[in-house]
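Only one structure is covered here, and it is reproduced in the block below.
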Amino acid sequence: MSNDAISARGDLRLTRITKSYGDFTAVDDLTLTIPKGSFFALLGPSGCGKTTTLRMVAGLEEPTVGSIHLGDTDITTTRPYQRPINTVFQNYALFPHLSIFENIAFGLRRRGIKDVKEQVDKVLNLVELPHLAERKPTQLSGGQQQRIALARAIVNRPALLLLDEPLGALDLKLRRQMQIELKWIQREVGLTFVHVTHDQEEAMTMADTIAVMNEGRIEQMGSPADLYDDPETAFVANFLGQSNLIKGKIDGNDGDNLVVDIFGQKISMPKKRSHAVDNSMYAGIRPEKFRISLVGTPTRGNTLTGGHIEDVSYIGVSTQYVVAMPWGQELMVFEQNDDGVAPFDKGDEVVISWEPTFTFGLRGDENIDAGTEVNPEEPAEE
Amino acid sequence: MKIGKARVPYLLLLPGFAFLFTFFILPIINLAQTSTQTPVAGGDTGEYEQSFAFSNYINAFIDNREQFGRSFLYATLATIFALAIAYPLAYAIAFKSGKFKNILLVLVVAPFFTSFLLRTVAWKQILGEEGFVVPTLRSLHVISEQTTLTSTAFAVVAGMTYNFLPFMTLPLYASLERIDPRTIEASGDLYANGLTTFRRVTVPLSMPGVVAGTLLTFIPAAGDYVNAAILGSPNTKMIGNVIESRYFKIVDYPTAAALSFTLMAAILILVTLYIRKAGTEELV
Numbered sequence: 001m002s003n004d005a006i007s008a009r010g011d012l013r014l015t016r017i018t019k020s021y022g023d024f025t026a027v028d029d030l031t032l033t034i035p036k037g038s039f040f041a042l043l044g045p046s047g048c049g050k051t052t053t054l055r056m057v058a059g060l061e062e063p064t065v066g067s068i069h070l071g072d073t074d075i076t077t078t079r080p081y082q083r084p085i086n087t088v089f090q091n092y093a094l095f096p097h098l099s100i101f102e103n104i105a106f107g108l109r110r111r112g113i114k115d116v117k118e119q120v121d122k123v124l125n126l127v128e129l130p131h132l133a134e135r136k137p138t139q140l141s142g143g144q145q146q147r148i149a150l151a152r153a154i155v156n157r158p159a160l161l162l163l164d165e166p167l168g169a170l171d172l173k174l175r176r177q178m179q180i181e182l183k184w185i186q187r188e189v190g191l192t193f194v195h196v197t198h199d200q201e202e203a204m205t206m207a208d209t210i211a212v213m214n215e216g217r218i219e220q221m222g223s224p225a226d227l228y229d230d231p232e233t234a235f236v237a238n239f240l241g242q243s244n245l246i247k248g249k250i251d252g253n254d255g256d257n258l259v260v261d262i263f264g265q266k267i268s269m270p271k272k273r274s275h276a277v278d279n280s281m282y283a284g285i286r287p288e289k290f291r292i293s294l295v296g297t298p299t300r301g302n303t304l305t306g307g308h309i310e311d312v313s314y315i316g317v318s319t320q321y322v323v324a325m326p327w328g329q330e331l332m333v334f335e336q337n338d339d340g341v342a343p344f345d346k347g348d349e350v351v352i353s354w355e356p357t358f359t360f361g362l363r364g365d366e367n368i369d370a371g372t373e374v375n376p377e378e379p380a381e382e
Numbered sequence: 001m002k003i004g005k006a007r008v009p010y011l012l013l014l015p016g017f018a019f020l021f022t023f024f025i026l027p028i029i030n031l032a033q034t035s036t037q038t039p040v041a042g043g044d045t046g047e048y049e050q051s052f053a054f055s056n057y058i059n060a061f062i063d064n065r066e067q068f069g070r071s072f073l074y075a076t077l078a079t080i081f082a083l084a085i086a087y088p089l090a091y092a093i094a095f096k097s098g099k100f101k102n103i104l105l106v107l108v109v110a111p112f113f114t115s116f117l118l119r120t121v122a123w124k125q126i127l128g129e130e131g132f133v134v135p136t137l138r139s140l141h142v143i144s145e146q147t148t149l150t151s152t153a154f155a156v157v158a159g160m161t162y163n164f165l166p167f168m169t170l171p172l173y174a175s176l177e178r179i180d181p182r183t184i185e186a187s188g189d190l191y192a193n194g195l196t197t198f199r200r201v202t203v204p205l206s207m208p209g210v211v212a213g214t215l216l217t218f219i220p221a222a223g224d225y226v227n228a229a230i231l232g233s234p235n236t237k238m239i240g241n242v243i244e245s246r247y248f249k250i251v252d253y254p255t256a257a258a259l260s261f262t263l264m265a266a267i268l269i270l271v272t273l274y275i276r277k278a279g280t281e282e283l284v
């Protein structure tokens, strides 16, 4: 079996995986299929089980229960060095005693590949660092080390490339640049990338499919746009971007729409975007979907009246408002600074409006703070 | 008085320099002078005068070349054995000991709480007729009924291996402990099995510890005389024993001094060659 494993190809299937450490369950009955050739992100706060999942796929941990298949081959207990899987480690884990060339050649040499020089040169060109071949890892900048770690993994053309918070140690600007580059390299080499991150922006920029993990389970899986526009849980709504979640009550139907009563004001939203299980619901609206108008000016779509501007922060591309509503909730509103209209001032009496189709509905018994208490910028140390 | 900032480093160096000057440089100069002296004609035992007799060196070396050879042979053997014992030990402490790490480290240095001499004398008991080693080996027919272990080269090398083991273990532990476990994982991830990972990653990354440990063992072992004096016989005399007896028994200061310098030079040359070969400056 072990000899088959190294040449296994195909979709990665995790079936009912559980990983426990004593009383603590890091991964809880997880089932997941990652299609061949996709750029897949496991997104979640630190401690959500995403790194443990990745380590089980790499073979560095063994699941307590469940199985892992690559194509038709069961690799659940296969040793890491017998899996056609390579990892870009969080802090790169380059070999400090070897040159960059030898770092990249390491996997090729272990497998007895013949044209080592040619392949290493090719991948060094791909990451645009051919001139660094003879240097030692410590002589490279963080961004360069990151690329070498990537080169060291992809030179083996694995069935699966695992990226464990690969950009966590880079500064913001470099991180943005590397996000785009990684995406480009993935298309170029056509490998399956599984990317673990706590950074929702990073996941959204790069991945075709994102699985949002929380407390060892997958909360929701889908394309970045699906997750952002139609989150199914408060955790996803809050962890991916920001959301305004307003307590409401379903008050009837209107064709394909639901009528929702928000503290006495009626709004409408598409039925298919409601995940409520009974009459109680949280209506969710992203801050940038709101429009603000002064009382008395015409509005379109859903409206909520009685608010006043509580706080204004100008951040260049947009202005962020905090609007206090009559029922005591403060709503976040982002307005693009593209219309030349003078921004609103603190204390202005305003009406909030938005297109009904942008509304999503969550179960009324959700904890609306789920996913907000975690700091997504904090590096995950698991 | 205001002290310029640039002078602070020199002031910090001063106490150490003063100490080494008084207790190392001056005695060395004195030793160098002594090494080329010859006995005063018609003088008492121990009366010497300066005559720049560099032939002292040649005579001292020729007369004692056997002991020189033995010193380096025993020191090399003790270093190899200490490395063979200390590497697995340090590896286990660094990677596998979990919460017992600190206790094990204390145990490694625990022998230092007893006197070096006492521990060496204890080895005489262990390897003696009444100890458990000899009867056990005899009953297993590993050694014959006539063979004894005390007063042998085996006992001397065993004693030195034991006495210098902590000097080997601690630097090895320090460099193994510094290895990022992710580089070990990365090696496995890149198709290297356990043995290959050990050879290609763990050992090269622990080289600074190997170099430091072997030097800290070899250098004092080559000059040691306590182990040979207590556990050896006249046939296992090392150069340290010769220097000791020349100084304190025969009162032949010039020969003792010349031997000391020759030993120092030999060790310096060997160590320089070794460090060149091991290439420690390459390892960060």
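Just so you know, the protein sequences line up as chains A and B, in that order. Residue 115 in my numbering sits at position 115 of the first sequence, with consecutive numbering throughout. Residue 196 in my numbering sits at position 196 of the second sequence, with consecutive numbering throughout. Where is the CB? At the ideal position from N, CA and C, for every residue including glycine. The structure presented is a predicted model; accordingly, all values stated were derived computationally and were not measured.
Per-residue contacts from residue i into chain A (C-beta, under 8 Å)
| i | result |
| --- | --- |
| B/V226 | Here the premise fails: no neighbours, minimum Cβ distance about 38 Å. |
| B/R246 | Per Cβ cutoff of 8 Å: no residues; B/R246 is ~46 Å from chain A at best. |
| B/R199 | None at all; the shortest Cβ gap to chain A is about 11 Å. |
| B/G188 | G59, L60, R79, P80 and Y81 |
| B/E177 | The premise fails here: B/E177 is roughly 15 Å from chain A at the closest Cβ pair, so nothing lies under 8 Å. |
| B/E145 | Within chain A, no residue comes near B/E145; the closest Cβ sits about 51 Å away, beyond 8 Å. |
| B/E66 | Result: empty, since nearest Cβ-Cβ is about 41 Å, beyond 8 Å. |
Counterpart residues of residue i in DSSP-defined beta bridges
| i | result |
| --- | --- |
| A/Y314 | A/T319 |
| A/I210 | A/A41 and A/G222 |
| A/H198 | Answer is none; A/H198 lacks a bridge partner. |
| A/G347 | Looking at the DSSP assignment, A/G347 forms no beta bridge with any residue, so it has no partner. |
| A/F360 | A/G284 |
| B/Q37 | B/Q50 |
| A/I185 | According to DSSP, which records beta bridges pairwise, A/I185 is partnered with nothing at all. |
| A/W354 | A/N302 |
| A/D171 | According to DSSP, A/D171 bridges with nothing at all. |
| A/A324 | A/H308 and A/E330 |
| A/I17 | A/L30 |
Contact belief for residue i with residue j at Cβ below 8 Å, rounded distance in angstroms
| i | j | result |
| --- | --- | --- |
| B/A78 | B/A221 | 5 Å |
| A/A151 | B/D189 | In fact, because the Cβ distance is near 14 Å, the residues do not count as touching under 8 Å. |
| A/A149 | A/F39 | Going by Cβ atoms, the distance from A/A149 to A/F39 rounds to 17 Å, so no, they are not a contact pair. |
| B/Y173 | B/I80 | No, B/Y173 and B/I80 are not in contact; Cβ-Cβ is about 19 Å, not under 8 Å. |
| A/I262 | A/I285 | Incorrect: roughly 11 Å between the Cβ atoms, too far for contact. |
| A/Y81 | B/Y91 | Actually they do not touch by this definition, with Cβ atoms about 20 Å apart. |
| A/G361 | A/D278 | 11 Å between Cβ atoms; not a contact. |
| A/N86 | A/L161 | 6 Å |
| A/P96 | A/K136 | 7 Å |
| A/T64 | A/V196 | About 20 Å separates the two Cβ atoms, so there is no contact after all. |
Opening and closing residue of the beta strand (DSSP E) in which residue i lies
| i | result |
| --- | --- |
| A/I262 | N257 to I262 |
| B/Q50 | Y48 to Q50 |
| B/L13 | Run containing B/L13: none in the beta strand (DSSP E); it sits in the alpha helix (DSSP H), V8 to L20. |
| B/N193 | Element bounds for B/N193: n/a, residue is neither H nor E. |
| A/K247 | N244 to D254 |
| A/V27 | F24 to I34 |
Contacts of residue i in chain A (Cβ-Cβ under 7 Å)
| i | result |
| --- | --- |
| B/T202 | Here the premise fails: no neighbours, minimum Cβ distance about 10 Å. |
| B/Y191 | Y81, G107, R110 and R111 |
Run of the alpha helix (DSSP H) containing residue i, from where it starts to where it stops
| i | result |
| --- | --- |
| A/M332 | Element bounds for A/M332: not the alpha helix (DSSP H) but the beta strand (DSSP E), E330 to Q336. |
| B/I275 | Y253 to A278 |
| B/I250 | It is not in any alpha helix (DSSP H) - B/I250 carries neither H nor E in the DSSP assignment. |
| B/N59 | S55 to D63 |
| B/N227 | V226 to L231 |
| A/I6 | Run containing A/I6: none; DSSP gives neither H nor E here. |
| B/V211 | V203 to G223 |
| B/D290 | Look at the range of chain B in this structure, 1 to 284, and you will see that residue 290 of chain B is not part of it. |
| B/L107 | K101 to V109 |
Contact set between residue i and chain B, taken where Cβ atoms lie within less than 8 Å
| i | result |
| --- | --- |
| A/N91 | D180 and R182 |
| A/N86 | D189 and L190 |
Listed by chain order, chain A residues near residue i by CB distance under 9 Å
| i | result |
| --- | --- |
| B/T196 | Y81 and R110 |
| B/E47 | Under the 9 Å cutoff, chain A gives no residues; its nearest Cβ is about 58 Å from B/E47. |
| message | So within the segment 64-145 of chain A, which uninterrupted alpha helix (DSSP H) runs reach at least 4 residues, ignoring any that extend past its ends? | response | 100-110 and 116-126
| query | What are the uninterrupted segments assigned as beta strand (DSSP E) that are 3 or more residues long and contained completely in the segment 128-159 of chain B, given in chain order? | reply | none
| Mind pulling the beta strand (DSSP E) runs of 3 or more residues that sit fully within the segment 265-318 of chain A? | 265-270, 280-285, 291-294 and 302-314
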